[in-house]
Each structure stands twice: as structure tokens, then as C-alpha cells.
Amino acid sequence: MHLDVHDLREFYYRSPLGRAAQKVVRDELVRLWPEAKAQTVAGFGFAVPLLRPFLGEARRVIALMPGPQGVMPWPADGPNVSVLCEDTLWPLASGSVDKLVLMHGLETSDHPMTLLDECWRVLGPGGRAVFVVPNRTGLWSRSDATPFGFGRPYSLGQLEKQLRDVGLIPTKTLSTLYQPPSSRKIWRRLAKPLEGAGRHIPMFAAGGVLMVEVTKQIPQPKRPGLAQAVKRPLRVLEGMGGPVVKPV
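Using this note's numbering, read the sequence shown as starting at 7 and increasing by one per residue.
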């Protein structure tokens, strides 16, 4: 179940902990994608904290917000680029997105595999996507004080398998948010050293979130389910005669 957009906005834009988390995850995304000149960049879920660096150079930035979550106008200082949409039916043409980022979208969706199919559909040839999800072994997924404490937390193996099953092939993986999910001043002061240590010594602590970059596999692999069922269609009209043609 999706969180409410007002709660997400309050966390990321009004609380010190949320602003710190926003900066850490956004900085990692910019390291992965240092530029997006003349590209279409889209985000799904509550990805707007990560999209601001691309507003200046991307051809187009789109913030897709799921219906159960709700939508807010964004950015506050420019023309609105956010749109309300269904989890699994986005108002984007197939192959139209160069860069796609999901945060608070996959782990809270009631239909994660169909959502991943939609990600595959909108990505263009050579397009890339980044999935930001709660790390099952991290501290942030165990705290109700942050949005990462809601939804289904993932292990890296679980996430990569789901992505591969729909034809999204992982190219880079990392974890981040090594600081504890606490607003206490002592942890706020130690946040930067903890993040630096976590990046260089991964065994120091489990990062709060996983970030997985993927590229699109063409053609999309087949999965068990509807394709097999259609091979044996129901014979509901068998035995019925054709139209009677009367002689003239």
C-alpha cells in the first residue's frame, strides 16, 4: 500500500532526517548519472527529491505519482511536471524514456511484476532505470519513522531476480544510507562520516536502501502465465453451426 503524498512531502522537505536522506540518495544517483542532456527523465512513486538535478539540462522531466499515494505540484519554483497515474498504466509512449528512477514505488505496489513490465515498456533502447528500495537487512526498513519502513523490503538477490524476470538487467548495484534513521543531533553530526565509511567498507554496516541500475533486455523474456494459457483457448463456440444462408 502506498504512503500518502502529504506524509512523504513532510518527511523529505520538512524534517532534518528526511532532508539528509534526500541528499544522500540524490548524490548517489548523480554519481551514476552525471548528465542527462536532451534526454527524457521520468520518476515513479515519490521520486521528486531525486529529479531536481535533471531539470536544467534534460529535454523533459516527468514525475509520475500513483493514484493511491496522491499527487502534489512539483517543482514549487517552476512549471508543474508531476502527474497522477495508475500504478501499471502510465501516460507515456513505449520506448520514450531515457532515464527512469523509482523510489517508494516498487515496494509499495500491489502489482510489482506488472509495474516492472510497465517500466520495461516505457524505457527506450539504451535507456536505464534505477530502483531505490528498502534494504531488508538495514536499519531504515525496521523504523516506522521513515518511508523506508513501509512496504516490502528487499534483499539484493530478491530484487535482482524480479528485475531479470521482466528483462531488466542489473548493471550496477550499491547500498547507501548507513547513518541510523534517527533525528538525534549526535547522529546528524556523524551522518557524513558514516556515509563515507559505509561506501568504502561495506561490511561496516548494512545500508538502509539498495540502489540497482538496470538496462533493458530486448526482446523481453517470456514468463509463465497468460502466454501458456492462451495456447489452449476455450472452445466455447464449438458445435455451433455457422450462419444459415437462404437461397435467393
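Using N, Cα and C, we set each Cβ at its ideal position, and we do this for glycine too.
By alpha-carbon positions, which one of the options ends up nearest to residue i?
i, options, result
"Pro37", "Lys228, Gln226, Arg229 and Glu219", "Residue identity check: residue 37 is Arg in the sequence provided, not Pro. When each option's Cα is compared against that of Arg37, the closest is Glu219."
"Pro131", "Pro74, Pro81 and Gln223", "Gln223"
"Ser100", "Leu129, Arg32, Arg25 and Glu63", "Leu129"
"Arg256", "Ala53, Met78, Gly84 and Thr46", "Coverage of the chain is limited to positions 7 through 254, which leaves residue 256 absent and any answer about it impossible."
"Tyr160", "Ile175, Met78, Leu112 and Ala82", "Leu112"
"Pro72", "Thr114, Ala64 and Ser21", "Thr114"
"Asp93", "Gln28, Val77 and Arg170", "Val77"
"Pro55", "Gln28, Ala69 and Gly62", "Gln28"
What whole-angstrom Cβ distance do residue i and residue j have, given they're in contact under 8 Å?
i, j, result
"Gly214", "Trp146", "3 Å"
"Pro153", "Leu23", "Wrong, their Cβ atoms sit about 11 Å apart, outside the cutoff."
"Leu122", "Gln168", "6 Å"
"Ala42", "Phe60", "5 Å"
"Trp80", "Ser88", "5 Å"
"Ala48", "Leu98", "7 Å"
Roughly how many angstroms separate the alpha carbons of residue i and residue j, rounded to a whole number?
i, j, result
"Val136", "Arg148", "23 Å"
"Ala151", "Gly163", "26 Å"
"Val30", "Val139", "14 Å"
"Leu106", "Thr179", "16 Å"
"Pro186", "Pro118", "28 Å"
"Arg134", "Ser21", "31 Å"
"Val172", "Val103", "17 Å"
"Asp33", "Met7", "27 Å"
"Ala212", "Trp39", "24 Å"
Taking residue i as part of the alpha helix (DSSP H), name the residues at either end of that continuous run.
i, result
"Phe17", "Val11 to Arg20"
"Thr177", "First-last for Thr177: Leu174 to Thr182, but that is the beta strand (DSSP E), not the alpha helix (DSSP H)."
"Gly163", "Leu162 to Asp171"
"Val54", "Val54 to Leu57"
"Asp127", "The sequence shown places Arg at residue 127, not Asp. Taken as a continuous stretch (DSSP letters only), the alpha helix (DSSP H) holding Arg127 covers Pro118 to Val128."
Can you tell me whether residue i is buried or exposed? The criterion is at least 16 other CB atoms within 10 Å of its CB, across all chains shown.
i, result
"Asp116", "exposed"
"Phe210", "Caution is warranted here: a pLDDT of 40 is assigned to Phe210, below 50, making its placement in the model unreliable, and the coordinate value is therefore given only provisionally. With fewer than 16 Cβ atoms within 10 Å of its Cβ, Phe210 is classed as exposed."
"Leu232", "Since pLDDT at Leu232 reaches only 47, below the 50 mark, its modelled position is unreliable, and the value read off the structure follows with that caveat. Flag for Leu232 reads exposed."
"Met109", "buried"
"Thr182", "buried"
"Ala44", "exposed"
Mind checking which residues open and close the beta strand (DSSP E) that includes residue i?
i, result
"Gly90", "The sequence given here places Leu at residue 90; Gly does not occur at that position. Element bounds for Leu90: Ser88 to Cys91."
"Glu41", "Note, Glu41: premise wrong, no beta strand (DSSP E); not H, not E."
"Glu219", "Val215 to Lys222"
"Arg66", "Arg66 to Pro72"
"Val2", "This structure leaves residue 2 out entirely; the chain is present only between 7 and 254."
Closer than 7 Å to a non-hydrogen atom of the ligand PLP - does that hold for the CB of residue i?
i, result
"Arg170", "For the ligand PLP, the structure offers nothing, since it holds no ligand at all."
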